[in-house]
Structures are given as structure tokens and as C-alpha cells.
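Enquirer: Below is a structure I'd like to ask you about.
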Amino acid sequence: MTREQTAADHAPARHTDPKSFVVQAISGVRSLIFPVAAVYFSMRSSGSLAVLAAAGAALVLILFGALASYLRWRKFTYSVNAEDIRVESGVLSRTARSVPYERIQDVSLEQSLIPRLFGLVAVKFETGSGGGDDIVLQYLAEAQGEALRDLVRAQKDGEHTSGERAADPAGSTGGEAKAQGAASPEAAPQATTPLFTMDKRRLFTFGVFEFSLAVFAVVLGLTQYLDWFVDYEIWDADLWRSTLAQQQGLLAGLGFIGQALGAIAGVFGLLIVGSATGLVRTYLRDWNFRLEDTPRGFRRRRGLLTRTDVVMPAHRVQAITIATGWLRYRFGWHSMNFVSLAQDSGSSNHTVVPFGKMDELVPVMLAAGFAPPDEGSCWHLASKRYRTDRIIVGSAFFVMLAVGLGVFVHPALALVPLVLAGMIAGARYYSWRFHRHALDDKQIFATRGLLSPHTQIASQVKLHSVEVNQGPIAQRRGYATLHLGLAGGTLFIPGIPTDRAFELRRLMLSQIAQSDFSQINR
Amino acid sequence: MDKTKPEAASAAPPPTSADTAPEIRADQAVATNGVNDADGDEDLTRLHPNYRQALRVQVILTAIPFIIGSLILEETSVLPPGVIALPIAIVALVAIIRLPSRRFAARGYAMAADRLRVVRGILFRADTIVPFGRVQHIDVDQGPLERFFGIATLTLHTAGNHNSSVTLPGLEHQLAMDMREDIRSHIKRETV
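If you're matching them up, the sequences are chains B and Z in order. Heads up, the first sequence is in my numbering, so the first residue is -4 and it goes up one at a time. Heads up, the second sequence is in my numbering, so the first residue is 289 and it goes up one at a time.
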């Protein structure tokens, strides 16, 4: 009863969609596989009884799981109020959490496979509080989820144009009506032309470049796991010796050409498996990738089985990162990420262009309020003393190793570490010219990378602190590292001549100090 | 290269006089080696003299376990007498005499109209500026040692990943409170 009274001035508490407990029960079945398998294998010796026991265990666990998810669903309520969103949950111990609209950085919708079959969606309120403290409503009907997201955004907007929300009595009477109202203006911008999409051909190219041999690691892990269940001793040396002995006979019989062909086939096999892995992963993640510029911010939808729908408000973009790989760079492919305040939840990285040409990146960049470095921008390289010191420090270990080996073991052995030292020194000498930065009146650019350039573009006013750092070597050699306080990411420029570092800091601070934090993130 | 000169100069006098030397030489400002010229900023303000004493107590507290350990080793007499205890005693003595003054001399701050500059570090120098407009919240902390010496630590929190908190130790407690008020008045009210 007390809850009724306290809730009198709030919107009524609501349950999530009734179907969501079914979804949760089904998702729970997946976690039953191993316990049931364990029951089966432990009783394997007793024949058909094992099947019976496993089935019984499965039934009991499923019933129990369904009951638990039903109770959880019953006890989970949320309410959308004038000032905040409240969630009460917990079967035995109750938790009540309230998140004010001002603290909600963003609302994202996520659909994994099973909820998608039921037309449900998980609504996630990102507060940027670092990790697990965000509110997640699992699950609402798709339309309801969209409406709730629009409502929250409308509330946040109202708070910006101050006074409007306070004067609005509808806010306390209930969210549903408002949500419907807010949904219609949102429908219009959806028709806008997307900023970036990936068709199937692009996705295929991307997948091939996402070459990955991770599948072998997974297979190896699985065989270790299977070790438990199967009478196949993967670490048994005798087994392998006998297998190898058989294979050796086979290999020897093939002759040289056969062996060479076998090796080539093996390499091809690796290439095919690696590319296939990359393709599958890319297709799953980036299927139907769509980035749009809506009034609320950048809206990104992607995913084959798990479809995510994320909106990143443009004013929360702190900086952008343009990266590439050593091979795809030769073909002109790049990727672009946003560095954003609401990035704390690790899985939702803010890739806005996963795979595109530079001229496709630029419109997105411009839409986010960033400009690419133009011809006139004055690039500064790192100090030459920094280059020298990096070469010395980098190769010192191998040079010492070479001396040690050459003097105490055998002069010829010194050659290997010497070559390694030379390679490091060469790479560092050569990569120096790729370490560069530039400053225009609004932004700072920093680029590094020998084989593939990695570029960061940050808006100066969105930096939170500027630090000049000097280690013992740097102090004596007259260069410094400039560390910039970037929310949601790191940005530092090493090896700048000390005078230049302080000059940069002075220039940037004159920009930063003019505005307040609360203005730049609105 | 001229960066190292004042550092070397402060290292030049023998350990016994070093304790007092920097204090006399740099009465008000300039612990930072001509860095100011490059920056164009105002001179650095020194920290409260008691902070040096607090640092010294800290070093002594850190040294005590090592000295006790070396004395115990000495008792067991596995090694010839004095092989362990003597070097450790010398290192501890030098650290207790030299380290606090050098650390103290390397630190400083500058409070401008719209920003705070904090300088610290002997080997690894860091020179940080936080604009007041980017401060999220402010702490004034006082540990037991600091309370005894009447000093406090001012901490500014920012939203940046690097320098998410910038600490300025060794301020007189009342000054730290005043600085906090001063900085807070610059932060425009956003949300509660």
C-alpha cells in the first residue's frame, strides 16, 4: 500500500511485455545444455536410464526456470514519470532505481534473435555511469520501445529549452499519450537519405579483409573442452605419435612434388577458412548497415541476427578516429569511429563507417561537425631528437643481446639479434615522418602509424585538460608529450619539441577556457 | 638543455645544506626551470612550507620497515656485519634529507582567472592545466598527517579519461577551501 501512496504523484507502474518472460525462459534453455549433458554423461554406464534421467532433469530445470522468469517478470515494473524513469525489480530482495532524464545519455534498442522472433526489443538507458548500472527493460514490443525512446528524448529536449517541461502538466499524467505524440515527428526524418550504407558487395569485400584465424583458437579450445566428455585424450603423446607415424608414411609416399602441393593446399585452406570466418563475422555484425542523420543525432542500425539500433547525439561526439589496416589501406579502405561520452558500455562501440573510402567518410565527418585536414593545414613532425632516442631505446635490448651472444657464445649467433635491432631501428626511423600533428582554429589532428595511418581529430573546446609531460630523457633532450583530456578516449602526441608543446597548450587553452562544460555537451 | 640547469643547481650543494638552500633561493616562485617563459603563464606559487615536513614524515614512515628489516637481517648474521644495514641506512638518510626538499621544489601551482595549473615531478615532470569550465566536481581531502600539519589536498575531477582527477597537495587548509569556493563559482550550474 505504501508504494501506491508514494506513487500517487507518479505515472502508474507498468510491466514489460508479457511475452518477455517466455523469451527469457527460452533463453534460459540454452544454459541448461551443459547441466543436462553432465547428467547424461555421468550416468552413461547405466544405459537407457541415462536418457531418462537427462530428460527428467531437463524438464525439472525448464519448469523451474520458467517459474523463475515468470516471477521475475511479475516483480519487474517500470514507470515513466515527469522527472525520471523508475524501475522496481527483485523477487526476494527488492531494488528501486530512479534515473533522471538529465542523466540519460542515450537510449538504445537492441534485438537479439529470440526476442526478434517475438517482435520484442530491449530498451537500454545509457547513463555513462561506467558499466552495469544502466537500466535495461527486457523486453518491450517494438513500437512501444520506439515510443519510449522518443518520449525520453522529448523529455531531454524539453529540459534544454528550459521551463517548457516544468510548465507541461501532461508529463505527470502519463507517458503513453505523450509518447504517441512524440512518435510522429520522429517518423518523418526516418525518410531522410542515409549518410552511409553498405550493400552486399561492400559487405563481401569487407568480410574478406576481416581475415581472421580466430576459428582455430576456438576449435582448439573446444577440443580441450571435449576432453572432459569424450574418451579422446588430446594430450596423450602416444596417440599423436602413432597418428604421426601413419601420416609420415603417407607423406613420404607422396614424394617432393606431392609434399609441395600439400603445403600449398594447406596455405590455401588457411586463407579460405580465415576469409570465411571474417565473412561470417562481418555478415553477422554489419548486415544491412545503415547510418542516418536524424534531428536526434546519428542513428545506426546493423546486425543480422542481433539487430541493434543506436542513436548517437551529434553534440556528444568528442572526437573521431580514422583507422585502417595495412592491407586494406593499399586499396583505399578506412573505418571511422566516434569517441563519445556515452561510451562506457564496452560492447556498444561507436563505429559509424566500418569500411569505406575517404570520400565516403568526409560527409559523415562534416555532419558530426568535424572537418578533414585541408591542404593549408600546417603539419608538424615530432622532434628529430625524439626519433634518435626512440631508435636507441628500441634497439638497445637486441644490441646488448647481440654483444652478449657474440662474446660469450659464438660470433655468428650475434647476427640474429643484430638484424632484429636493425629492423626496429629502421621501422622507427621510417615511421617518424608519419608521427605528425596539426592545429587549426577549431580542431587538433594527430596521425601515427607506419604501415597504416591512424588519425584522430578532436574538437579543441571538447578537451578537458592539457598536460605537458617529460620523462628523464625528454627533459634533457628538449621534447615532451602532450596529453589531452578527452572524454571517452585517449589522445596524446609524443615527441613534440618542448617550446612547441607549450605553444600548442596555450593556443588550445585560449579556445577551451572560453566555454563551459555544460554548454559544449548540449 | 637549459631545462636541466636549475635541477642540477639544486642538486649541486652537499646534502647537509640542500635542506635549506632552495628555500632561501626561491622565496616565492619559480620552481620550474624557465618553463614559464615558453608558456607565457604567470609564475608558479609555492606550496605551503609545512608540506615539506609532511613529505619528510612520509619518507621516514616508508623507510622504517626497510631499516627494521635490515636490522633483523643483521641480527641473523648470515652476511658480514654492516653489508646490508649500512647501505640501507645511508640510502634512507639521503632520501630523508634530500627527497622532501627536491620534491617540494619541483611542485607548484598557478591559479589564473579561468584555469588552474599544476606542476609536479622530478624525473617525470608533468605540467597540467585544467580550465575551470571543465571541472566536474572538486574535493578537499585532509589525511591525518595533513591535518597535523594544517594542510590539505585539492582534487579537481574532469570528464577526460586522461587526468580524470588532478590533485594538488600541500595547500594550507583554509586556502584549499577558498580555492574550492573560487573554482566552484566558475562552474556554471548545470544539473543537480
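Every residue, glycine too, gets a C-beta built ideally from N, C-alpha and C.
Reducing DSSP to helix, strand and coil, say where L200(B) ends up.
Expert: For this step, residue 200(B) is matched to residue 205 along the first sequence. Just to set this straight, residue 200(B) is Thr in the shown sequence, not Leu. Reduced to three states, the DSSP call for T200(B) is helix.
Enquirer: By how many angstroms is the C-alpha of I80(B) removed from the C-alpha of S22(B)?
Expert: Taking the first residue of the first sequence as position 1, residue 22(B) is located at position 27. Taking the first residue of the first sequence as position 1, residue 80(B) is located at position 85. Approximately 27 Å between the Cα atoms of the pair.
Enquirer: Out of S390(B), Q465(B), R89(B), R296(B), which one is the CA nearest neighbour of V306(B)?
Expert: Position 311 of the first sequence, counted from the first residue, corresponds to residue 306(B). Out of S390(B), Q465(B), R89(B), R296(B), R296(B) has the C-alpha closest to the C-alpha of V306(B).
Enquirer: Please state whether DSSP places A309(Z) in a helix, a strand or coil.
Expert: Locating residue 309(Z) in the second sequence gives position 21, counting from the first residue. In this prediction, A309(Z) has a pLDDT of 35, which is less than 50 and means its spatial position is unreliable; nothing more can be read from the coordinates.
Enquirer: Could you check which residue in V347(Z), H336(Z), I439(Z) has the C-alpha nearest to that of R395(Z)?
Expert: Locating residue 395(Z) in the second sequence gives position 107, counting from the first residue. Nearest of V347(Z), H336(Z), I439(Z) to R395(Z), Cα basis: H336(Z).
Enquirer: Mind pulling the chain B residues with CB within less than 7 Å of P419(Z)?
Expert: For the purposes of this step, residue 419(Z) is taken as residue 131 along the second sequence, with counting starting at 1. By Cβ distance, chain B contributes L504, I507, A508.
Enquirer: Note down, in chain order, every chain Z residue with its Cβ under 9 Å from the Cβ of E78(B).
Expert: For the purposes of this step, residue 78(B) is identified with residue 83 of the first sequence, where counting begins at 1. Ordered by position in chain Z, no residue passes the 9 Å Cβ test against E78(B), which lies about 11 Å from the chain.
Enquirer: Could you please give the first and the last residue of the uninterrupted beta strand (DSSP E) stretch that includes Q106(B)?
Expert: Residue numbering aside, residue 106(B) sits at position 111 when the first sequence is read from its first letter. It spans 101 to 106 - the beta strand (DSSP E) in which Q106(B) sits, taken as one unbroken run.
Enquirer: Can you pull the chain D neighbours of N464(B), defined as C-beta to C-beta under 8 Å?
Expert: Chain labels in this structure do not include chain D; the protein chains are B and Z.
Enquirer: Between which two residues does the beta strand (DSSP E) carrying I372(Z) extend?
Expert: Your numbering for residue 372(Z) matches position 84 in the second sequence. No beta strand (DSSP E) holds I372(Z); DSSP gives it neither H nor E.
Enquirer: Run through chain Z and tell me which residues come within less than 7 Å of V461(B), C-beta to C-beta.
Expert: Your numbering for residue 461(B) matches position 466 in the first sequence. Those are I417, listed as they occur along chain Z.
Enquirer: Relative to the C-alpha of D331(Z), which candidate in F420(Z), Y397(Z), P388(Z) has its C-alpha closest?
Expert: Residue 331(Z) sits at position 43 when you count from the first residue of the second sequence. Comparing Cα-Cα distances from D331(Z) to each of F420(Z), Y397(Z), P388(Z), the minimum goes to Y397(Z).
Enquirer: Run through DSSP, which three-state label would K119(B) get?
Expert: The residue labelled residue 119(B) in the question sits at position 124 within the first sequence. K119(B): strand per DSSP, three-state reduction.
Enquirer: I'd like to know whether the C-beta atoms of A63(B) and V31(B) end up nearer to each other than 8 Å.
Expert: Along the first sequence, read from residue 1 onward, the residue named residue 63(B) stands at position 68. Along the first sequence, read from residue 1 onward, the residue named residue 31(B) stands at position 36. Against a cut-off of 8 Å, the Cβ pair of V31(B) and A63(B) comes out as no contact.
Enquirer: Strictly under 8 Å for the Cβ-Cβ distance: is H461(Z) near chain B by that measure?
Expert: As a working note, residue 461(Z) is residue 173 in the second sequence. No, H461(Z) lies away from the interface with chain B (no Cβ there is under 8 Å from its Cβ).
Enquirer: State yes or no: is the beta carbon of P467(B) nearer than 8 Å to at least one beta carbon in chain Z?
Expert: By 1-based counting over the first sequence, the position of residue 467(B) is 472. Yes, P467(B) lies at the interface with chain Z (some Cβ there is under 8 Å from its Cβ).
Enquirer: Within 10 angstroms of its Cβ, does Y425(B) collect 16 or more other Cβ (buried), or is it exposed?
Expert: Position 430 of the first sequence, counting from 1, holds the residue named residue 425(B). Exposed, because fewer than 16 other Cβ atoms sit within 10 Å of the Cβ of Y425(B).
Enquirer: Using a C-beta cutoff of 8 Å, does R422(Z) count as contacting chain B?
Expert: In the second sequence, the residue the question calls residue 422(Z) occupies position 134. So yes, R422(Z) belongs to the interface.
Enquirer: If you count every other CB in all the chains shown that lies within 10 Å of the CB of K119(B), and 16 or more means buried, which is it?
Expert: Numbered from its first residue, the first sequence carries residue 119(B) at position 124. K119(B) comes out buried.
Enquirer: What are the complete beta strand (DSSP E) segments, minimum 3 residues, inside the region 450 to 515 of chain B?
Expert: You should have 458 to 465, 474 to 481, 484 to 492.
Enquirer: Cutting at 7 Å between CB atoms, please list the residues of its own chain near R403(Z), excluding the five before and the five after it.
Expert: The residue you call residue 403(Z) lines up with position 115 of the second sequence. Here the set comprises I417, V418, P419, F420.
Enquirer: Here's the rule I'm using: 16 or more other beta-carbon atoms within 10 Å means buried, otherwise exposed. How should I491(B) be labelled?
Expert: What you label residue 491(B) is simply residue 496 of the first sequence in a count that begins at 1. That one is buried.
Enquirer: Select from F199(B), A366(B), P308(B) the residue whose C-alpha is nearest the C-alpha of D435(B).
Expert: Against the first sequence, residue 435(B) aligns to sequence position 440. Checked all of F199(B), A366(B), P308(B); the closest Cα to D435(B) is A366(B).
Enquirer: For A49(B) and Y35(B), which I take to be in contact (beta-carbon distance under 8 Å), what is that distance rounded to the nearest angstrom?
Expert: For the purposes of this step, residue 49(B) is taken as the residue at position 54 of the first sequence. For the purposes of this step, residue 35(B) is taken as the residue at position 40 of the first sequence. Contact holds; Cβ gap of about 4 Å.
Enquirer: Would I471(Z) and V407(Z) be called neighbours here (beta carbons separated by less than 8 Å)?
Expert: Looking up residue 471(Z) in the second sequence gives position 183. Looking up residue 407(Z) in the second sequence gives position 119. Going by C-beta atoms, I471(Z) is not nearer than 8 Å to V407(Z).
Enquirer: Name the chain B residues that come within less than 8 Å of R403(Z), Cβ to Cβ?
Expert: Position 115 of the second sequence, counted from the first residue, corresponds to residue 403(Z). Near R403(Z) (Cβ distances below 8 Å), the residues of chain B are L504, A508.
Enquirer: Can you list the alpha helix (DSSP H) stretches of 4 or more residues lying completely in the region 304 to 339 of chain B, in chain order?
Expert: Listed in chain order, they are 321 to 325.
Enquirer: Count the other C-beta atoms from every protein chain shown that fall within 10 angstroms of the C-beta of D515(Z), then say buried if there are 16 or more, exposed otherwise.
Expert: Nothing can be reported for residue 515(Z), as the shown portion of chain Z is limited to 289 through 480.
Enquirer: DSSP on M193(B), reduced to helix/strand/coil?
Expert: Looking up residue 193(B) in the first sequence gives position 198. Coil.
Enquirer: With 7 Å as the C-beta to C-beta threshold (strictly closer), list the residues of the region 440 to 458 of chain Z near chain B in chain order.
Expert: Cβ contacts with chain B come from T446, A447, G448, N449, H450, N451, V454.
Enquirer: Does the separation of the CB atoms of V210(B) and V262(B) fall below 8 Å?
Expert: Here residue 210(B) refers to the residue found at position 215 when the first sequence is read from its first residue. Here residue 262(B) refers to the residue found at position 267 when the first sequence is read from its first residue. Going by C-beta atoms, V210(B) is not nearer than 8 Å to V262(B).
Enquirer: What does the alpha-carbon distance come out to for the pair R325(B) and R344(Z)?
Expert: Here residue 325(B) refers to the residue found at position 330 of the first sequence. Here residue 344(Z) refers to the residue found at position 56 of the second sequence. Spanning the two alpha carbons is a distance of roughly 58 Å.
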